[in-house]
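Here's the structure, in structure tokens; my notes come after.
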Amino acid sequence: MVNSPSWTVNPILCQDITVDNIKIKNPADSPNTDGIDPESCKNVRISNCLIDVGDDCIAIKSGTEETKERVSCENITISNCQMLHGHGGVVLGSEMSGDIRNVTISNCIFQDTDRGIRLKSRRGRGGIIEDIRVNNLIMDNVICPFTLNLYYFCGPKGKEKYVWDKNPYPISEETPQFRRIHFANISARNVHAAAGFIYGLSEQFISDISFHEVAISMAKEPIPGKPAMMTGMEEMTSQGFYIGCAKNIHFDRLELVDVENAFHIENSQGIEVDRSKENGKPLVLHGGFS
């Protein structure tokens, strides 16, 4: 499949889908040319695919706040795929109003994608992303391997104050949530901006995230970039994990190489680091985060 002007494969409200051994090639500079986007689907298997696009390679969705009937997207497996270019390798959201859950991503290679695993949403969307397992990935030449962002600003209403305001708002059905997301056995090299970006809402922290056996090395000549699409985000290079409005985040056997600062943490709690290294030395958190 070549030169799609928009989302290439977009099953909606489907069950028991298998996508196997297909190749998608869209221009690297073309927006909205996603590869495979299951939306409000159940029991989806995506495997052995090569996806080279200008936007998200695979994006899992479940509708926006404008959708009349909110239907979840769940029981999704993604394996043995190669992702090239694009804004994200595997993405969840930002259309997630019907919930996304029970997703496994394994044995994939991400090459030259802006971000690797990318979760994105904002106030107004509502919905929950939960119970996600990611393991056995290789990434090379990415801006940021892990981006979990609840201040995503693209699309209609994305620049309005209630989207970007860092002050807490009342929790309602329009408040999105990310929780129970686990990463293991992942290597990323030639990383440019940051090792990871995790930023929840002031009223709804991102919670229960784990990283086990994750090795990240920065590019020797990093290009400044933005880990996430959010208002006020500045370009950076060679940073570690940028964490805000998050709780119960556990790092075990994390290895960071050529980073300037292993962690930048604000308004968060329960950040734990075990058996980890920064530039070859034991990594210990300071400042009361534990």
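All residue numbers for the sequence shown refer to numbering that gives the first Met the number 0, where the first residue is 0 and numbers rise by one.
Built from N, CA and C at the ideal position, the CB exists for glycine as well.
Residue i, enclosing beta strand (DSSP E) - first and last residue
i, result
"Lys246", "Ala245 to Val256"
"Lys160", "Lys160 -> not in any beta strand (DSSP E); alpha helix (DSSP H) instead, spanning Lys160 to Trp163."
"Glu38", "No beta strand (DSSP E) contains Glu38, which DSSP labels as neither H nor E."
"His191", "Note, His191: premise wrong, no beta strand (DSSP E); not H, not E."
"Asn74", "Cys72 to Ser78"
"Asn20", "That residue, Asn20, is in no beta strand (DSSP E); it is neither H nor E in DSSP."
"Cys107", "Ile99 to Gln110"
"Cys13", "Looking at the DSSP string, Cys13 is not in any beta strand (DSSP E), and its letter there is neither H nor E."
"Lys119", "Arg114 to Lys119"
"Ser206", "Ile205 to Met217"
"Ile50", "Leu49 to Val52"
Classification of residue i by the beta-carbon crowding that lies within 10 angstroms, buried from 16 upward
i, result
"Ile222", "exposed"
"Leu136", "buried"
"Leu12", "exposed"
"Asp54", "buried"
"Met228", "buried"
"Cys72", "buried"
"Glu277", "buried"
"Asn148", "buried"
"Cys56", "buried"
"Ile242", "buried"
"Val133", "buried"
"Pro169", "exposed"
Short Cβ contact (8 angstroms threshold) for residue i with residue j
i, j, result
"Gly199", "Phe177", "yes"
"Gly123", "Glu173", "yes"
"Ser237", "Asp257", "yes"
"Arg69", "Ser96", "yes"
"Ser201", "Asn247", "no"
"Asn20", "Ser3", "no"
"Asn34", "Thr7", "Residue identity differs from the one stated: residue 34 is Gly in this sequence, not Asn. Going by C-beta atoms, Gly34 is nearer than 8 angstroms to Thr7."
"Gly224", "Pro175", "no"
"Gly157", "Arg117", "no"
"Gly262", "Gly279", "The sequence shown places Phe at residue 262, not Gly. No, they are not a contact pair."
Euclidean distance between Cα positions of residue i and residue j
i, j, result
"Lys60", "Gln110", "23 angstroms"
"Ser102", "Asn42", "The amino acid at residue 102 is misidentified as Ser; the sequence shows Val. Taking the straight line joining both Cα atoms gives about 10 angstroms."
"Leu282", "Glu265", "18 angstroms"
"Gly287", "Gln81", "With a pLDDT of only 42 at Gly287, under the threshold of 50, the placement of this residue in the model should not be trusted; the figure read from the coordinates follows. One C-alpha to the other measures close to 40 angstroms."
"Asn260", "His191", "13 angstroms"
"Ser267", "Cys244", "5 angstroms"
"Ile23", "Ile108", "15 angstroms"
"Val52", "Ala187", "20 angstroms"
"Val213", "Gly195", "11 angstroms"
"Gly269", "Val18", "39 angstroms"
"Pro144", "Gln14", "30 angstroms"
"Asp113", "Met232", "15 angstroms"
"Phe250", "Ser209", "6 angstroms"
"Asn106", "Ile77", "8 angstroms"
"Glu65", "Glu38", "14 angstroms"
"Met217", "Tyr150", "25 angstroms"
"Lys219", "Ile197", "24 angstroms"
Q: Evaluate contact between the segment 90 to 98 and the segment 19 to 29, counting only Cβ atoms and requiring at least three cross-stretch pairs below 8 angstroms.
A: no
Q: Evaluate contact between the segment 128 to 148 and the segment 159 to 171, counting only Cβ atoms and requiring at least three cross-stretch pairs below 8 angstroms.
A: Verdict: no, contact absent.
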